[in-house]
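Peer 1:
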Amino acid sequence: MKSNNRLTAAALALAFALPGLQPALAAGPARAWESAAGAKDEVVFALTGDSIINRRLSTSPAPGADRLFDLIRKADVAFTNFETLIHDFDIPPAQQSGGTYMGSPRFVTEELEWAGFDLLSLANNHTNDYGVDGMRSTLRALARTRFVYAGVGENLALARAPGYLDTVKGRVALISVSSTFPPPIAAGPQRKDLRGRPGLNPLRHTVTYTVPQQVFDTLQELARGPGSPPPKEGSDKLSFAGATFVVGDELSISTKADPRDIAELQASVRDADQQADWVVVSIHAHEAATPADRSQPAQFVVEFAHAMIDAGADIVVGHGHHQLRGIEVYKGKPIFYSLGNFIFENDLVAFQPADNYEKQELPESALPGDFYTKRSKNDTTGFPADRRYWQTVVAEVIFASDRTLREVRLHPVSLGFGQPRSRRGQPYPAPENEAAQIFEDLNAVSKPFGTSVTVRNGVGLLSWK
């Protein structure tokens with residue numbers, strides 16, 4: 009359980025909130041949302057997915073939101089992926105972004121502190137939406153808080169470095185990695201005669217497509233186009249359009265993590281394992297097993313997660329896909345391949361650069377609301393049209409003090425699918441019908457990993473082999 013000072017601050021924040029905006033308790037047994045935290049011989053982690061925050065949480069009218077945040081506050085350690093930037097829109101936007109150009113008000117750090125979070129991962133595809141200046145502005149804002157964060161830095165060594173949180177239950181290390189990013193935002197190594205490149209902690213990978221001979225021959229013809237080096241005659245391997253193609257009987261896709269990145273990230277984990285009692289590794293990954301099935305993680309992400317636990321990590325927590333992916337227990341340690349969205353307010357960012365308006369073929373007179381409405385075709389496509397982007401869980405992971413995994417409890421959460429833009433995106437305990445959908449989805453995506461979820465008193469309990 010966290011310090012009394014922190015709980016007192018949370019109580020004061022609630023006491024001074026406007027009465028008309030106090031969150032109401034949802035119907036149902038309160039015991040379903042009681043935290044397991046409190047036992048002296050165990051450590052409780054509360055884990056969430058992506059947080060894109062642009063409104064205050066402390067005045068949320070969402071039903072039962074207070075019980076949800078109490079769960080997070082009572083955990084010994086609470087984590088979220090901070091998928092935004094903090095600046096005043098006085099910084100030029102980058103030429104390329106992660107989609108929505110992110111920028112959040114400075115009060116969001118106060119709100120995440122109020123909510124009970126300790127650890128923030130920063131490595132994600134929005135790190136460079138406003139260039140290096142946007143990253144530095146965010147770091148300056150976070151430096152004024154009590155958060156522990158990791159995943160970006162002035163060079164590769166600093167981006168790979170763990171952040172450390174001291175708690176009454178021991179010291180916790182956080183390493184934050186992203187496999188999804190525009191290439192220019194990967195941090196670069198420092199030399200004795202030249203500074204390193206600021207950016208995020210990267211996990212690179214290669215993609216190999218297996219195609220029938222006829223398709224391979226067509227690709228070879230395309231590769232002989234103007235300006236391209238001719239392919240080697242008789243070769244059954246072709247590098248073309250940023251990918252590798254090989255000949256096989258059936259169409260398939262395989263991915264492999266960059267071995268140098270894996271080795272360096274394992275070194276970071278081993279170092280953290282010597283310096284801390286617990287090691288959490290965060291991975292931001294959009295990549296999927298196949299284009300046809302985006303519910304499963306890419307092969308290289310599974311390879312990465314196993315390698316991190318082999319090196320000494322206690323938890324690997326994934327996000328980035330914006331939907332739930334499966335849960336695996338590997339060598340007694342939990343891997344969450346994606347915890348989806350926890351706070352999802354990407355269509356409430358105050359401003360967007362001209363580039364995004366041009367992509368939607370909007371006139372110069374268009375304003376942010378016009379952009380978000382056009383992009384989603386008035387909420388009929390993309391994120392607003394799919395309930396799975398608005399349903400998630402808070403994962404409560406309970407370890408014995410000797411680092412043995414005791415229990416994984418999954419608390420179903422709704423973000424208000426179908427609500428107007430001004431109301432959706434903030435978390436609250438899922439109603440019974442949504443909770444059933446969440447657990448059904450989670451069981452389906454976890455089955456390949458040999459885990460399943462049973463429901464007791466509204467809370468999912470993970471079973472593993």
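Going by this note's numbering, the residue at position 65 of the sequence shown is 73; the numbering climbs one at a time, nothing skipped. The C-beta atom is built at its ideal place from N, Cα and C for all residues, glycine as well.
1. Taking all protein chains shown into account, decide if Leu211 is buried (16 or more other Cβ within 10 angstroms of its Cβ) or exposed.
2. Only counting the same chain, and skipping five residues up and downstream in sequence, which positions put a Cβ closer than 6 Å to that of Ala408?
3. CB Ile80 to CB Gly124, shorter than 8 Å?
4. Whole angstroms is fine: what's the gap from Pro372's alpha carbon to Gln360's?
5. Assign Gln307 to one of three DSSP states: helix, strand, or coil.
6. What is the DSSP secondary structure of Asn474, reduced to helix, strand or coil?
7. Count the other CB atoms, across all protein chains shown, that sit within 10 Å of the CB of Pro299; report buried if there are 16 or more and exposed otherwise.
8. Quick check on Thr389: does DSSP put it in helix, strand or coil?
9. Roughly how many whole angstroms lie between the Cα atoms of Leu33 and Ile317?
10. Return the CA-CA distance between Ile261 and Lys455, expressed in angstroms with no decimal places.
11. Count the CB pairs spanning the segment 203 to 218 and the segment 319 to 331 that are closer than 8 Å, and state whether there are at least three.
12. Check the C-beta distance from Val156 over to Asp126 and give it rounded, since I have them as a contact under 8 Å.
13. Are there three or more Cβ pairs, one per stretch, closer than 8 Å when the segment 390 to 405 is compared with the segment 417 to 424?
14. List the endpoints of the continuous beta strand (DSSP E) containing Thr298.
15. My output table needs one value for Glu476: the three-state DSSP class, helix, strand or coil.
16. With a floor of 4 residues, list each alpha helix (DSSP H) that falls wholly inside the segment 360 to 436, ordered by position along the chain.
17. Is Ser145 helix, strand or coil by DSSP?
18. Need the endpoints of the beta strand (DSSP E) that Ala280 sits in, please.
19. Between the segment 81 to 94 and the segment 136 to 150, do three or more beta carbon pairs fall short of 8 Å?
20. I'd like to confirm the pairing. Which residues does DSSP put opposite Arg464 in its beta bridges?
21. Could you check where the alpha helix (DSSP H) with Leu259 kicks off and where it finishes?
22. Between Tyr309 and Phe115, what straight-line distance do the alpha-carbon atoms span, to the nearest angstrom?
23. Straight-line CA distance for Arg333 to Lys339?
24. Along the chain, where does the beta strand (DSSP E) that runs through Asp322 open and close?
25. Using DSSP with H/G/I as helix, E/B as strand and the rest coil, what is Phe189?
26. On the DSSP bridge list, what partners appear for Glu336?
27. Could you check which residue in Lys264, Val223, Gln282, Gln198 has the C-alpha nearest to that of Val254?
28. DSSP three-state call for Ala249: helix, strand or coil?
29. In terms of residue numbering, what span does the alpha helix (DSSP H) encompassing Leu166 cover?
Peer 2: In this structure, then:
1. Numbered from 1 along the sequence shown, position 203 holds the residue referred to as residue 211. Looking at its Cβ environment, which holds 16 or more other Cβ atoms inside 10 Å, Leu211 is buried.
2. Position 400 of the sequence shown, counted from the start, is the residue given in the question as residue 408. Result list for Ala408: Glu50, Arg414, in chain order.
3. Here the question's residue 80 lines up with position 72 in the sequence shown. Here the question's residue 124 lines up with position 116 in the sequence shown. Result yes, Cβ atoms of Ile80 and Gly124 sit closer than 8 Å.
4. Residue numbering aside, residue 372 sits at position 364 when the sequence shown is read from its first letter. Residue numbering aside, residue 360 sits at position 352 when the sequence shown is read from its first letter. Strictly speaking, residue 372 in this sequence is Glu, with Pro absent from that position. Rounded to whole angstroms, Glu372 to Gln360 spans 12 Å at the Cα level.
5. Locating residue 307 in the sequence shown gives position 299, counting from the first residue. DSSP places Gln307 in helix when its eight states are reduced to three.
6. In this structure the chain extends from 9 to 473, so residue 474 is not present and cannot be described.
7. For the purposes of this step, residue 299 is taken as the residue at position 291 of the sequence shown. That one is exposed.
8. On the sequence shown, position 381 is the one that residue 389 refers to. In this structure, Thr389 counts as coil in the three-state DSSP scheme.
9. Looking up residue 33 in the sequence shown gives position 25. Looking up residue 317 in the sequence shown gives position 309. Note that Leu33 has pLDDT 29, beneath the 50 cutoff, so the model's placement of it is unreliable and no number is given.
10. In the sequence shown, counting from the first residue as 1, residue 261 sits at position 253. In the sequence shown, counting from the first residue as 1, residue 455 sits at position 447. The alpha-carbon atoms of Ile261 and Lys455 are separated by roughly 21 Å.
11. no
12. The residue given as residue 156 occupies position 148 in the sequence shown. The residue given as residue 126 occupies position 118 in the sequence shown. 6 Å between Cβ atoms; contact.
13. yes
14. Taking the first residue of the sequence shown as position 1, residue 298 is located at position 290. Element bounds for Thr298: 296 to 298.
15. This structure leaves residue 476 out entirely; the chain is present only between 9 and 473.
16. 362 to 367, 376 to 383
17. For the purposes of this step, residue 145 is taken as the residue at position 137 of the sequence shown. The answer is helix: DSSP assigns Ser145 an H, G or I state.
18. For the purposes of this step, residue 280 is taken as residue 272 along the sequence shown, with counting starting at 1. Segment 267 to 283 is the alpha helix (DSSP H) holding Ala280; no beta strand (DSSP E) there.
19. yes
20. On the sequence shown, residue 464 is found 456 positions in, with the first residue counted as 1. Answer by DSSP bridge pairing, in chain order: Val467.
21. Here residue 259 is taken as the residue at index 251 of the sequence shown, counted from 1. Leu259 -> no alpha helix (DSSP H), and no H or E assigned at all.
22. By one-based count along the sequence shown, residue 309 stands at place 301. By one-based count along the sequence shown, residue 115 stands at place 107. The question names Tyr, but residue 309 in the sequence shown is Val. Roughly 34 Å between the two C-alpha positions.
23. Counted from its first residue, the sequence shown places residue 333 at position 325. Counted from its first residue, the sequence shown places residue 339 at position 331. Cα to Cα, the separation comes out at about 19 Å.
24. Taking the first residue of the sequence shown as position 1, residue 322 is located at position 314. It is not in any beta strand (DSSP E) - Asp322 carries neither H nor E in the DSSP assignment.
25. In the sequence shown, the residue the question calls residue 189 occupies position 181. DSSP places Phe189 in coil when its eight states are reduced to three.
26. Translated into positions along the sequence shown, residue 336 becomes position 328. Answer is Ile343, bridged to Glu336.
27. As a first step, residue 254 is located in the sequence shown; it is residue number 246 there, counting from the start. Minimum Cα distance to Val254 is reached at Val223.
28. Translated into the one-based positions of the sequence shown, residue 249 becomes position 241. DSSP places Ala249 in coil when its eight states are reduced to three.
29. Residue 166 sits at position 158 when you count from the first residue of the sequence shown. Where Leu166 is concerned, the enclosing alpha helix (DSSP H) stretches over 164 to 168.
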